[in-house]
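Going from the sequence shown to my numbering is simple: count from 1 and add 259.
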Amino acid sequence: MEERSFSIAELVIYIWKRKFSVLIASSLFAVVVFIHDIGVSDYYKSTVTFAPVDSGGGISIDNAGSFGGIASLAGIGIAGRNSDVSANIATLKSRLFLMEYIKEDNLLEEIMSRDCGFYRNFLNCTNQNGETPSLLEAYEKMADEIIGISEDKKTGLMTLSITWKDAEFAAYAANRIVKKANAFIKAKTVSQTNDSIKFLNDQVAQTSEVRIKELLYGLIEKELKKVKLTSVNDEFAFKIIDPALPPLKKNGPRRLARIITGFVLGFVLSCFVIFLKKAAFLVEKFQGKK
């Protein structure tokens, strides 16, 4: 036990004698982190809260047995069986929608060069192959680093956050994405409903049975009402509860904490290297005595 205590004390003295080397190594790690953080712009996080809206529009269960097959062929859902909410949420998160948003708002270059920061004037912000980035690459970067979508299972409310180097744009983009999702889903719904109406009109022209025609006219009337209601509703899929506002404080990077972490890491690693050297010296000394 005494030998162990002596060895530990000896190691501490050994490290203390090399304190300037430890200090230099720790400082170098901190400087490296500082230089890296110069190239990282400040970024802000803005969040919008919204509620998914069940647009409905399917036929009722009571009537499903009468003409559910024709309704299914026409692309009309069955009310109570499948909700549009899940599909709308999936659309908001989809690659197709977000890629279209990036393209329409000309964000490809901004997204792919957002981390150039201080070095932006000295670096050509291209992809790893030196080529102009694609929409798919921009989408992947946006999904991984910029946009965040979450849902509260208890309340059903959703939040969409945008992390960006400009506070004003972060709030603007968060609100705009929800609004564009509403417009995107609304346009898709109107198009599908018009296709359904066309199909049903074709079926009316092809049948001579009065009962079937009445059922088809009922479906057509329901789809026409759906088109009218959809067209006048700007918040067709998502109703904004709390719009995003420009944040007053930055979300990161936390430079001081990172520099301190770098210093501590340098200290630990340098002490570990000194320990290994001391251990190797003691082993060599022990073998020499043998």
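For glycine and all other residues, C-beta sits at the position ideal for the given N, C-alpha and C. What you are looking at is a predicted structure, and each value in this text was computed from that prediction instead of being measured.
Output the distance between the C-alpha atoms of residue i and residue j, rounded to the nearest integer angstrom.
i, j, result
"THR407", "ALA516", "According to the sequence displayed, residue 407 carries Gly and not Thr. Their Cα atoms are separated by approximately 24 Å."
"HIS295", "MET358", "30 Å"
"ILE479", "LEU488", "14 Å"
"ARG354", "THR306", "20 Å"
"PHE381", "ILE348", "Note that PHE381 scores 36 on pLDDT, short of 50, meaning its location in the model is unreliable; the coordinates nonetheless yield the value given after this. If you take the alpha carbons of PHE381 and ILE348, they lie about 41 Å apart."
"PHE534", "PHE293", "27 Å"
"ALA402", "LEU351", "12 Å"
"ILE421", "SER450", "30 Å"
"VAL431", "ILE500", "Position check: residue 431 holds Tyr in this sequence, whereas Val was assumed. Distance between the alpha carbons of TYR431 and ILE500: 15 Å."
"ALA555", "ALA289", "The chain is shown only over 260 to 549; residue 555 falls outside these bounds and no answer can be derived."
"LYS484", "GLY477", "11 Å"
"ILE272", "ARG514", "33 Å"
"LYS413", "ALA538", "58 Å"
"PRO311", "LYS457", "29 Å"
"ASP508", "THR308", "In the sequence as presented, Asp is not what sits at residue 508; that position holds Lys. Taking the straight line from one Cα to the other gives about 19 Å."
"THR452", "SER345", "19 Å"
"VAL486", "SER455", "11 Å"
"ILE337", "LEU367", "For ILE337, the pLDDT reaches just 47, beneath the cut-off of 50, and the residue's location in the model is therefore unreliable, although a value from the coordinates is still provided. About 40 Å."
"ALA330", "PRO505", "Because ALA330 sits at a pLDDT of 48, beneath the cut-off of 50, its placement in the model cannot be relied upon, and the following sentence gives the value as read from the coordinates. Cα to Cα, ALA330 sits roughly 46 Å from PRO505."
"GLY521", "LYS362", "39 Å"
"MET417", "ALA426", "21 Å"
"LEU459", "SER467", "14 Å"
"VAL463", "THR448", "22 Å"
"ILE297", "LEU270", "37 Å"
"ASP364", "ALA440", "14 Å"
"LEU419", "ALA503", "9 Å"
"VAL523", "ARG277", "16 Å"
"SER409", "VAL291", "35 Å"
"LYS536", "ILE518", "27 Å"
"GLY415", "LYS498", "12 Å"
Could you please give the first and the last residue of the uninterrupted beta strand (DSSP E) stretch that includes residue i?
i, result
"ILE499", "497-501"
"VAL307", "303-311"
"LEU419", "417-423"
How close, in whole Å, do the beta carbons of residue i and residue j come, if the pair is a contact with beta carbons under 8 Å?
i, j, result
"LYS304", "ALA429", "7 Å"
"ASN510", "TYR302", "6 Å"
"SER300", "LYS400", "No, SER300 and LYS400 are not in contact; Cβ-Cβ is about 15 Å, not under 8 Å."
Applying the criterion that 16 or more other CB atoms from any shown protein chain within 10 Å of the CB defines a buried residue, is residue i buried or exposed?
i, result
"GLY525", "buried"
"VAL437", "buried"
"GLN465", "exposed"
"TRP275", "exposed"
"ASP461", "exposed"
"ASP313", "exposed"
"GLU482", "buried"
"PRO392", "buried"
"ALA446", "exposed"
"LEU395", "exposed"
"ILE444", "buried"
"PHE279", "exposed"
"ILE370", "buried"
"ASP411", "exposed"
"ASN434", "buried"
"ILE405", "buried"
"ALA268", "exposed"
Would you mind reading off the limits of the alpha helix (DSSP H) that contains residue i?
i, result
"ILE408", "Premise fails: ILE408 lies in the beta strand (DSSP E), 406-410, not in any alpha helix (DSSP H)."
"GLU480", "469-491"
"ASP454", "426-465"
"ASN347", "343-352"
"ASP296", "278-297"
"GLU399", "394-400"
"LEU504", "Counting along the chain, LEU504 falls outside any alpha helix (DSSP H), and DSSP gives it neither H nor E."
"GLU368", "367-371"
Please confirm if residue i has its CB atom under 8 Å from at least one CB of chain D.
i, result
"ILE267", "Note that chain D does not occur in the displayed structure, where there is just one protein chain."
>> If contact is defined by three or more beta carbon pairs under 8 Å, each pair taking one atom from either stretch, is the region 271-291 in contact with the region 529-536?
In response: yes
>> Pairs of beta-carbons, one from the region 489-507 and one from the region 470-479, closer than 8 Å: are there three or more?
In response: no
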